[in-house]
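Note that full-length UniProt numbering numbers the sequence shown so that position 71 is 71, with each residue one more than the last.
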Amino acid sequence: MSKPYVPPSGYLPVFKPALPYHHLLPDGLQPGTSVYVQGVVSQHAKRFWVNFSCGQHEGANIPFHFNPHFDGNDKIALNTFQDSKWDTEEHHEMPFQNGKHFEIIFIVNNEEYQILVNKNPFFSYKHRMPPQCVQVVSLDGDLEIQSLAVIERPKKGNICMMQKPGGGTPENLMLMDSVIFHPVSSLSLLLYPKFAGWDRNQEVGSLSVCKSRSLVLPSIWLEQCGLETGNFTK
């Protein structure tokens, strides 16, 4: 009997981690990677931040610093910390509200970070340092993290599927085989839910798909492939 596929730790979302939270990236941050964050801004927030850092030690370089300020002159500050000093700061309009849920997707490209807020393209930040030197994504401040996932764009392999936000837990995650072709014009998913017996050589496990139950694909994979988000019902 073949061993079940166990994905790298970065493919499995982390749910409601304590702050400050540091998500390690031992292989660096490669172009094509996305960082997906869901959370809630504190009711009386002053600021929170996401740092794409070259380490956890004091004084480590920070290629990308994402810092919303709630101080009456609400704004988002973007910057780079290199060689013990901050670079020129960029400012953008504030898309977040105190006490409100949010979703951020950081997409790492060859030239820049692209940021989507609540599924809307918001702004980009040109690389001032190579993203490959990033070893940790750190979050802290006046927010609650509901889930975080670092997702590499696979060319072939297994992808992870989640339930709707707020309804997923680690034991409810489901893995399914997939192939993603580059360049992508469509996405095909091959799914074999079993509602009867199992063959002798198949791994037996709990059933994650039920009849007449909606199957929800997280928007991040569909958005990266240029497809619309949708529900698929057996």
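By construction, the Cβ of each residue, glycine as well, lies at the ideal position given by its N, Cα and C atoms.
Every value quoted in this text rests on a predicted model; they were computed, and no experiment measured them.
Legend entry - Three-state class that DSSP yields for Y192 in the structure shown: Below a pLDDT of 50, predicted positions are generally treated as unreliable, and Y192, at 47, falls in that range; the measurement from the model is reported next regardless. The answer is coil: DSSP assigns Y192 none of H, G, I, E or B.
Legend entry - Those residues which DSSP pairs with A149 across a bridge: Bridge partners of A149: Y36.
Legend entry - Given V117 as reference, the closest of F15, I151 and I76 once Cα atoms are compared: V117 has its Cα closest to that of I76, out of F15, I151 and I76.
Inset, instruction - Kindly indicate which three-state DSSP category M161 falls into: helix, strand or coil? - result: Note that M161 scores 47 on pLDDT, short of 50, meaning its location in the model is unreliable and no value can be drawn from it.
Inset, instruction - Please specify which runs of the alpha helix (DSSP H), each continuous and at least 4 residues long, are wholly inside the UniProt domain "Galectin" (21-151), giving them in chain order. - result: Entirely contained in the UniProt domain "Galectin" (21-151), not one alpha helix (DSSP H) run reaches 4 residues.
Inset, instruction - Specify whether the segment 135-150 and the segment 80-94 touch according to this definition: at least 3 beta carbon pairs, one from each stretch, less than 8 angstroms apart. - result: Segment contact: the segment 135-150 against the segment 80-94, fewer than three CB-CB distances shorter than 8 angstroms; contact not assigned.
Legend entry - Burial state of S53 (16 or more Cβ within 10 Å): Buried.
Inset, instruction - Check whether the segment 37-47 touches the segment 60-77, counting contact only when three or more Cβ pairs, one atom from each stretch, lie closer than 8 angstroms. - result: Of all C-beta pairs linking the segment 37-47 to the segment 60-77, three or more are shorter than 8 angstroms, placing the two stretches in contact.
Inset, instruction - Taking all protein chains shown into account, decide if Q135 is buried (16 or more other Cβ within 10 angstroms of its Cβ) or exposed. - result: By the beta-carbon neighbour count (other beta carbons within 10 angstroms, threshold 16), Q135 is buried.
Legend entry - Separation of Q97 from N73, as counted between CA atoms: Using only the alpha carbons, I get a separation of about 13 angstroms.
Legend entry - Presumed contact (8 angstroms Cβ cut-off) between T33 and V150, rounded CB distance: Going by Cβ atoms, the distance from T33 to V150 rounds to 7 angstroms, so yes, they are a contact pair.
Inset, instruction - Measure the CB-CB distance between Q30 and E103 and report whether it falls below 7 angstroms. - result: 7 angstroms or more divides the Cβ of Q30 from the Cβ of E103.
Inset, instruction - Please report the Cβ distance between F106 and V35, rounded to the nearest whole angstrom; I am assuming they are in contact, meaning their Cβ atoms lie under 8 angstroms. - result: Indeed they touch by this definition, with Cβ atoms about 4 angstroms apart.
Legend entry - Option nearest Q82 by Cα separation, candidates P95, L139, G28 and F64: For Q82, the closest of P95, L139, G28 and F64 by C-alpha to C-alpha distance is F64.
Inset, instruction - Leaving out five residues on either side along the sequence, give the residues of the same chain with a beta carbon under 6 angstroms from the beta carbon of C133. - result: The answer, listed in chain order, is C54.
Inset, instruction - Rounded to whole angstroms, what's the CA-CA distance from P17 to I115? Just pull it up for me. - result: Roughly 22 angstroms between the two C-alpha positions.
Inset, instruction - Starting from the C-beta of G141, find all residues in its chain whose C-beta is less than 6 angstroms away, skip the five residues before and the five after it, and write them out in chain order. - result: Around G141: R47, F48 and W49.
Inset, instruction - Would you mind working out which of P95, R128 and K100 sits nearest V108, comparing C-alpha positions? - result: Comparing Cα-Cα distances from V108 to each of P95, R128 and K100, the minimum goes to R128.
Inset, instruction - Compute the Euclidean distance between the alpha carbons of V40 and N51, then round it to the nearest angstrom. - result: If I take the Cα positions, the gap works out to 18 angstroms.
Legend entry - Distance, Y113 Cα to P130 Cα: So the alpha carbons of these two residues sit roughly 11 angstroms apart.
Inset, instruction - Answer with buried or exposed for residue 258, where buried requires no fewer than 16 other C-beta atoms within 10 angstroms of its C-beta. - result: In the structure displayed, the chain extends from 1 to 234; residue 258 sits before or after that span and is not available.
Legend entry - Counted within 10 angstroms of its Cβ, other Cβ atoms place L139 as buried (16 or more) or exposed: Of the other Cβ atoms in all chains shown, 16 or more fall within 10 Å of the Cβ of L139; this residue is therefore buried.
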